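Working notes for the structure below.
Residue numbers (this note's numbering): 8 to 264.
As structure tokens, this is what we get:
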């Protein structure tokens with residue numbers, strides 16, 4: 008039997024300038040826990056999987072809102088494993104992430120990897136609505152198949168709008184049923200780990216990092232707005248995370264400097 012569940016997080020800035028969480032609603036397999044924040048005055052929430060999900064036919068969603076001036080980081084306790092449904096005809100699972108950040112808010116979406124297991128079929132959609140002065144750090148990592156197995160079918164779309172205007176809108180597809188060439192030299196080239204890091208930073212209007220290669224299979228791209236996108240393909244999850252972590256550290260230093 009398929010599962011339908013939506014978890015909700017709302018962060019607000021209180022009268023002392025700290026971030027509080029008036030809404031922290033868990034549902035189904037999406038359990039939310041407030042955890043220790045990295046910096047004073049901010050809040051952190053960790054998504055803890057309460058059961059195996061998503062399975063074929065499941066409909067899961069997470070809604071995250073950072074109100075004006077709030078500082079919120081959301082991560083997860085473990086990787087998300089997309090699995091086949093319990094029987095034939097269950098169809099694809101769907102997993103939506105809806106993010107919003109108000110004026111002066113800082114929002115980080117940093118989940119662990121999404122693993123597309125053999126035989127699974129998953130459609131993911133991440134959307135972000137940002138105010139002009141909002142900051143966003145978003146990381147996505149996709150591992151195509153567990154060790155020694157071929158991947159399931161994965162369709163993933165990321166849409167980001169800033170001040171009501173499109174900043175980024177892209178879609179990728181991998182595995183059986185994906186358009187031909189997804190594993191060819193122009194796309195993955197046989198790699199099984201793919202990820203990206205998006206940093207939206209208002210100060211990049213004046214001093215955005217230059218686009219450049221970060222390695223043989225990694226690139227930093229300036230977007231048409233105060234934002235940069237790092238895209239990486241790698242042999243495995245460990246290598247992928249190492250490249251993204253280095254890029255994150257470099258971009259954090261650029262913002263601070």
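Every residue gets a Cβ at the ideal spot worked out from N, C-alpha and C, and that includes glycine.
Everything numeric in this text was worked out from a predicted model, so none of it was measured.
Asked	Found
Rounded distance between the beta-carbons of residue 239 and residue 228, thought under 8 Å	Not a contact, Cβ separation roughly 12 Å.
Buried or exposed by the 16-neighbour rule on C-beta atoms within 10 Å, applied to residue 61	buried
Cβ neighbours of residue 37 in the same chain (closer than 7 Å, five flanking residues each side left out)	12, 14, 54, 67 and 69
C-beta atoms of residue 146 and residue 106 nearer than 9 Å	no
CB-CB length for residue 200 against residue 241, believed under 8 Å	4 Å
Candidates 127, 253 and 171: closest to residue 65 by CA position	127
Inter-residue Cα distance where the pair is residue 117 and residue 258	15 Å
CB of residue 175 within 9 Å of CB of residue 230, strictly	yes
Secondary structure of residue 256, DSSP reduced to three states	helix
Beta bridge counterpart(s) of residue 26 as assigned by DSSP	20
Buried/exposed call for residue 92, threshold 16 Cβ in 10 Å	buried
Beta-carbon proximity list for residue 243, same chain, < 6 Å, skipping 5 on both sides	200
Unbroken stretches of the beta strand (DSSP E), 3 residues or longer, contained in the segment 162-200	172-181
Residue range of the unbroken beta strand (DSSP E) whose run includes residue 51	50-56
Run of the beta strand (DSSP E) containing residue 219, from where it starts to where it stops	219-222
Residues that residue 74 bridges to, as DSSP identifies them	According to DSSP, residue 74 bridges with nothing at all.
Burial state of residue 220 (16 or more Cβ within 10 Å)	exposed
Residue interval of the beta strand (DSSP E) (run including residue 105)	100-108
Under the three-state DSSP convention, the category residue 248 falls into	helix
Buried versus exposed, by CB contacts within 10 Å (16 or more), residue 210	exposed
Residue from 207, 40 and 24 with nearest C-alpha to residue 30	40
With 16 other Cβ atoms within 10 Å as the buried cut-off, status of residue 51	buried
Assigned secondary structure, residue 237 (DSSP; H/G/I helix, E/B strand, else coil)	strand
8 Å contact criterion, which residue 162 and residue 123 should meet: CB distance rounded	Residue 162 to residue 123, Cβ: 10 Å. No contact.
Other residues of its chain near residue 156: CB distance less than 6 Å, five sequence neighbours each side excluded	125
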